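Residue numbers (mature numbering (1 follows the signal peptide of the UniProt record, and there is no 0)): -21 to -1, 1 to 509.
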């Protein structure tokens, strides 16, 4: 009898949830717009003329329809970063993987449901490098309206980005042609660089707060390449979710956030009435300073009742940020976060593993074309690889990879992506950084790994010292994964398996694999697609 009552109650709750689900519909007009930053006017690609782009708010269980009209001169697709796309892989968005590009003067409609997740995610272009300016927040509110933490007074999106001194498409084409690296010119908070940059004193994000109130900062790192440190002077944070998954509340005075990651952060306005800088600066290791943007972006948190015109006015208080290569601070943050067990949509760790993969992540070199001019190391081009395989999109094949799979079309991709690297060596030995035995990748290919539906997959991501160790953000489309452990050196299963958290590991969609180290993730392949 009790079981019958339980099932009736569950079924009734499900029907109520389904009945209250809404359809959220938007139109995205992709178009060029002239924008002035750092004293110069630049033409950038935007959605609806906004930079960052429009915010999408949904409730868990809602259906989403987005009509994309491409009035830009470039091919475009949109990816809904972190949205599971359960049984809607066609809507995921990466070019040539799940769809062909939306060409200029063409349109496409994305349709999908938002199921079994809530928190902060984001959307961005997934064609070439257009995501530099084509991105925005995607916020999934609890259907019940209740959080597993005290309700905040207000919710504020904080999109961290970077700004390039030129047309990003042209810069990227030069990078591909010459094989060099072009760092950004500035970092931004909600599209604004702040007062440390030329001509930017009046282009600074300002957050007005009421004393004693708690704010939920919905933080997103939309920057191209760099992890970022984030602080507000004299204030502390409580992190309550990451990548739209609730975590054990984590108290800290600094956030470390990798490209593609999101964090829900509570911040209480509990300091004397005044103004305080919010600042973000890069966390980078393994690169000379000329190859990355070493600058700092700032915004201002201003308390209600504070008057800048009074005789007691003082300049905003400045936070002290870590040095750009402060790995202990970054590692402490990344490795101390755990899931909130029993929270809405909490997923326990699968304990039986069906597939094991060991994947090395490298920055390599690609040989310069004959009679070409390349500006990478040793006169070659930079490249990237996993297990010494460097991916190339199946351009000109007439099919996306998902469509080729669906119609069983051959010649678009092969299914022989390796489960391990071709050779085993001391991956984190600094002496191999420029060893030509390891520097070059074979010709680029389009290889995939096939998985059985519902199988449990464990992946060891091993960073290497090739071309100097860097922290690499790894994002998995269609899934979140449990991060079982992460550390430095070469992964050794016998030695390192005791570090695995099989009780309450963080559940997320993007991880920064430590420079000179490794990370182990586990996920269930329960969402068909590519």
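A virtual CB, placed ideally from N, CA and C, is assigned to each residue, including glycine.
Computed from a prediction, not measured in an experiment: that's the story for all the values here.
- DSSP places residue 476 in the helix class (H, G or I) of the three-state scheme.
- Following the DSSP letters along the chain, one finds residue 149 in no beta strand (DSSP E) but inside the alpha helix (DSSP H) bounded by residues 147 to 157.
- Residue environment analysis places residue 395 among the exposed positions, since fewer than 16 neighbouring C-beta atoms fall within 10 angstroms of its C-beta.
- When the five nearest sequence neighbours on each side are left out, the beta carbons in the same chain lying within less than 6 Å of the beta carbon of residue 276 are those of 166, 167, 168, 172, 173, 259, in order along the chain.
- Membership of residue 498 in the beta strand (DSSP E) is indicated by the continuous run 496 to 503.
- For residue 356, the secondary structure class from DSSP, reduced to helix, strand or coil, is helix.
- Straight-line spacing of the CA atoms in residue 404 and residue 337 works out to 13 Å.
- For residue 452, DSSP records a beta bridge to 491.
- Proximity to residue 282 across 335, 192, 351 peaks at 192, based on C-alpha coordinates.
- Here residue 486 is bridged, per DSSP, to 461.
- Contact between the segment 196 to 207 and the segment 231 to 242 is present, with at least three C-beta pairs closer than 8 Å.
- Closest in C-alpha terms to residue 115, from the list 121, 104, 124, comes 104.
- When 143, 8, 118 are compared, the shortest CA-CA separation from residue 84 is found for 8.
- In summary, residue 389 is exposed, with fewer than 16 beta-carbon neighbours lying within 10 Å of its beta-carbon over all protein chains present.
- Every beta strand (DSSP E) of 3 residues or more that sits fully in the segment 1 to 79 is shown, in chain order, as 2 to 16, 19 to 26, 35 to 38, 42 to 49, 57 to 60.
- Restricting attention to 68, 148, 446, 16, the CA atom closest to the CA of residue 176 is found in 16.
- In the structure shown, the three-state DSSP call for residue 307 is helix.
- By the neighbour-count definition (other C-beta atoms within 10 Å, threshold 16), residue 299 is an exposed residue.
- Rounded to whole angstroms, the gap between the alpha carbons of residue 401 and residue 420 is 11 Å.
- Leaving aside the five residues that flank residue 180 on each side, the residues in its chain whose CB is nearer than 7 Å to its CB run, in chain order, 174.
- Rounded to the nearest whole angstrom, the C-alpha separation of residue 485 and residue 226 is 7 Å.
- DSSP places residue 316 in the coil class of the three-state scheme, outside both helix and strand.
- In this structure, residue 382 keeps its C-beta atom at 9 Å or more from the C-beta atom of residue 361.
- Closest option to residue 350, judged by alpha-carbon separation, among 21, 185, 157: 157.
- When DSSP reads this structure, residue 243 sits in a beta bridge with 197, 220.
- Bounds of the beta strand (DSSP E) holding residue 235 are 234 to 236.
- A direct Cα-to-Cα measurement between residue 446 and residue 164 gives close to 23 Å.
- In this structure, DSSP gives residue 261 an extended state, which the three-state scheme calls strand.
- For the options 479, 437, 423, the alpha carbon positioned closest to that of residue 334 is the one of 437.
- For the pair residue 201 and residue 110, the CB atoms are nearer than the 9 Å cut-off.
- Each of 433, 3, 53 was checked against the Cα of residue 331, and the nearest Cα belongs to 433.
- Contact check for residue 479 against residue 442 fails: the beta carbons are separated by 9 Å or more.
- For residue 134, the pairing in a beta bridge is given by DSSP as 195.
- In the displayed model, residue 251 falls within coil according to three-state DSSP, outside both helix and strand.
- For residue 435, the enclosing beta strand (DSSP E) has its first and last residue at 435 to 442.
- The segment 486 to 501 makes contact with the segment 304 to 318: 3 or more CB pairs, one atom from each, lie closer than 8 Å.
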